[in-house]
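Residue numbers for the sequence shown follow the numbering used here, beginning at 1127 and rising by one.
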Amino acid sequence: MEFLISAGADVNQQSYNGLTPLMVAVWQQNVESVKLLLKSKSNVNLCNDQGMTALHWASMKANPELISLLLAAGASVKHRNIYGDTPLHLLTYFTNTTAQDIEATIEMLLVAGADLEARNNPGNTPFLLSIFLDTLEITRALVNADCSLHVSNDYSQNALHLAAERASLEVLQYLSVLDLSGVNPYQEDSFGDTPFDDFVGLSHATHDWECSGARKPSLAEQKTFVELCQGVRDQALQNDIQYVERILDAFQEQNVAVAREHLAVLVEKEKRWERENLVSWYRALDKRIQHAEWELATEDIEGHLLDLQEELATPVWEIPSKYGYLWEFDDGESVSEEVSESEDRSETLYDSDQQVVHEDDAQAA
C-alpha cells in the first residue's frame, strides 16, 4: 500500500458502492493501514452509497484504537447514514467484542459530542435499537451511560414493545432489574397494540411468517416477560395508589391546595401517557375540589382507588389482550389461548432498521 501511495494512487478513490480504502482498512481492523491512509490525507468523512463513514464501520467493530485514530483525524460523530443512524447507532450492529471495548467506544463517542438520545429514521435511539437487535452487552453499556429508558419511537413503541417482539431471555432478565417506572405498559403502538398485545400475538403464532421477523417466545421467555410487564404495571399502579391516598387524606382535612397538588401529578403523568380519558376524569375531580364538593369528590376518588387496587390484585395474564389470553397454571406451564381475531402484521415496521452490512461489501473496493 505504501508503494502504491508513493506512486500516486488516490487514497480517496471509491468503489462502485462508495467504499474507500480507509473504510475497508477499518472494517478489516488493520490499524497500520488506517494510520498510513490517514497520514496520506485520506478523507475521514467520505461516505459510501449507504451514507456510512469510516467511523460508522469502526463503531460497528467497537474498536477503541481505530475510533481514537479517526476522531483525532476529524471524523464526525453526528454524521448519519441513509437510515438516519449515527455511529453510536451502528455500535448495536454486528458487534462481537468485549464489554470493556463497548463501554470505551460509547465513552469516546460521547466525549466527542455524540448524542446518546439521537433518533434514526424510525425514531429509535441507540437504546431502543439495542433492544430491537437483542444485543445485551450494548443495552447494558448504554444504560450505564445513563441513556433514557422512557423513550418511544415514531411507531409509538417503547422499550416494552420492542422487548415483547425481539428480546431474548437474557435481555428480558436484564430489563427486569431496571427502573422502568416511567415506561407506559398500556401504550398502544401504530397498530393499536400494547406491549402485552404484541407478546400474546407472537405467542399465538404457528408459523414464522406470522411473526414478521420477530421471535416466537419460548416458555422461559413467556414467564420472564410476564414478570417484567407485571412489574412495570404494578409499580405504576402503586405510585398512583399512593397519590390517590394522599388526595383522600387532603379531602379529610378539606385542604384544597394539597389535594390539587397531588392531583396535578396524576394529571401530568396521564398527559405523558396520552390517556385522555383519565386526564379528563382527574380534571373533573379537580373542579369538585375547587368548588369544595368534598362528599362527591370523596365518593369519586374512593371508587377510583378501589379500581386501582382491583387491577393491582389481578395478574396481567388474567386481563384479555387484543389477541386473547396467556394463562399460567399451577404446574408452571404457560399456554396461549387461540382466538379468532387476527390482524395482518406482515409488514414490518423496521425495514430501515434491518439493514444488513456484509463483510463482502467492505472487501469489494
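Yeah, the Cβ is synthetic: ideal placement off N, Cα and C, and Gly gets one too.
In angstroms, rounded to a whole number, what distance separates the CA positions of residue i and residue j?
i, j, result
"Leu1164", "Val1170", "8 angstroms"
"Asn1250", "Asp1305", "20 angstroms"
"Asn1174", "Met1149", "9 angstroms"
"Ile1232", "Gln1139", "30 angstroms"
"Val1237", "Lys1395", "33 angstroms"
"Met1127", "Asp1136", "11 angstroms"
"Gly1144", "Phe1317", "37 angstroms"
"Arg1206", "Leu1192", "19 angstroms"
"Thr1320", "Ala1346", "21 angstroms"
"Ser1447", "Gln1368", "27 angstroms"
"Thr1261", "Ser1185", "14 angstroms"
"Gln1361", "Tyr1219", "33 angstroms"
"Leu1392", "Gln1299", "30 angstroms"
"Gln1313", "Gln1154", "43 angstroms"
"Lys1397", "Glu1158", "55 angstroms"
"Arg1386", "Asn1270", "37 angstroms"
"Ile1131", "Ala1201", "22 angstroms"
"Leu1434", "Cys1337", "33 angstroms"
"Gln1348", "Lys1167", "54 angstroms"
"Glu1419", "Arg1409", "14 angstroms"
"Thr1223", "Asn1156", "16 angstroms"
"Glu1379", "Glu1263", "52 angstroms"
Is residue i helix, strand or coil when you go by DSSP?
i, result
"Asn1284", "strand"
"Gly1327", "helix"
"Ser1278", "strand"
"Ala1490", "Note that Ala1490 scores a pLDDT of 37, beneath 50, so its modelled location is shaky and nothing firm can be said."
"Leu1304", "coil"
"Leu1392", "helix"
"Gly1450", "strand"
"Gln1299", "helix"
"Ser1168", "coil"
"His1215", "helix"
"Ala1340", "coil"
"Thr1350", "helix"
"Asn1270", "helix"
"Gln1176", "coil"
"Phe1220", "coil"
"Lys1161", "helix"
"Phe1258", "helix"
"Ile1084", "The first residue shown for the chain is 1127 and the last is 1491, placing residue 1084 beyond what the model contains."
For residue i, count the other beta carbons within 10 Å of its own beta carbon; 16 or more makes it buried, fewer makes it exposed. Which is it?
i, result
"Ile1445", "exposed"
"Val1297", "buried"
"Ser1307", "exposed"
"Trp1335", "exposed"
"Glu1402", "exposed"
"Leu1217", "buried"
"Thr1265", "buried"
"Asp1272", "exposed"
"Tyr1209", "buried"
"Leu1422", "exposed"
"Phe1278", "Sequence check: residue 1278 is Ser here, not Phe. The residue is buried, with at least 16 neighbouring Cβ atoms inside 10 Å."
"Ala1151", "buried"
"Glu1428", "exposed"
"Ala1290", "buried"
"His1417", "exposed"
"Asp1315", "buried"
"His1333", "exposed"
"Val1199", "A small correction: the amino acid at residue 1199 is Ala; Val does not occupy that position in the sequence shown. Under this definition Ala1199 is a buried residue."
"Asp1211", "buried"
"Leu1366", "Strictly speaking, residue 1366 in this sequence is Asp, with Leu absent from that position. By the 10 Å Cβ count, Asp1366 comes out buried."
List the whole-angstrom C-beta distance separating residue i from residue j, where the pair is believed to meet the contact cut-off of C-beta under 8 angstroms.
i, j, result
"Ser1329", "Leu1404", "No, Ser1329 and Leu1404 are not in contact; Cβ-Cβ is about 29 angstroms, not under 8 angstroms."
"Leu1268", "Phe1258", "Incorrect: roughly 13 angstroms between the Cβ atoms, too far for contact."
"Val1384", "Ala1376", "4 angstroms"
"Trp1177", "Val1203", "For the sequence presented, residue 1177 should be read as Gly rather than Trp. The Cβ separation is near 14 angstroms, so there is no contact."
"Arg1245", "Arg1292", "About 18 angstroms separates the two Cβ atoms, so there is no contact after all."
"Phe1325", "Pro1343", "7 angstroms"
"Val1382", "Trp1443", "In fact, because the Cβ distance is near 41 angstroms, the residues do not count as touching under 8 angstroms."
"Leu1255", "His1215", "6 angstroms"
Are the Cβ atoms of residue i and residue j separated by less than 8 angstroms?
i, j, result
"Gly1327", "Tyr1449", "yes"
"Leu1411", "Asp1426", "yes"
"Leu1354", "Ser1302", "yes"
"Asn1284", "Trp1399", "no"
"Asp1241", "Ala1188", "no"
"Thr1350", "Leu1288", "no"
"Ala1225", "Pro1190", "no"
"Leu1196", "Ala1180", "yes"
"Arg1414", "His1388", "no"
"Val1358", "Leu1286", "yes"
"Pro1248", "Gln1356", "no"
"Ser1194", "Glu1243", "no"
"His1182", "Pro1213", "yes"
Flag residue i as yes if its beta-carbon sits less than 8 angstroms from any beta-carbon of chain C, otherwise no.
i, result
"Tyr1300", "Among the chains in the structure shown there is no chain C, since it carries only a single protein chain."
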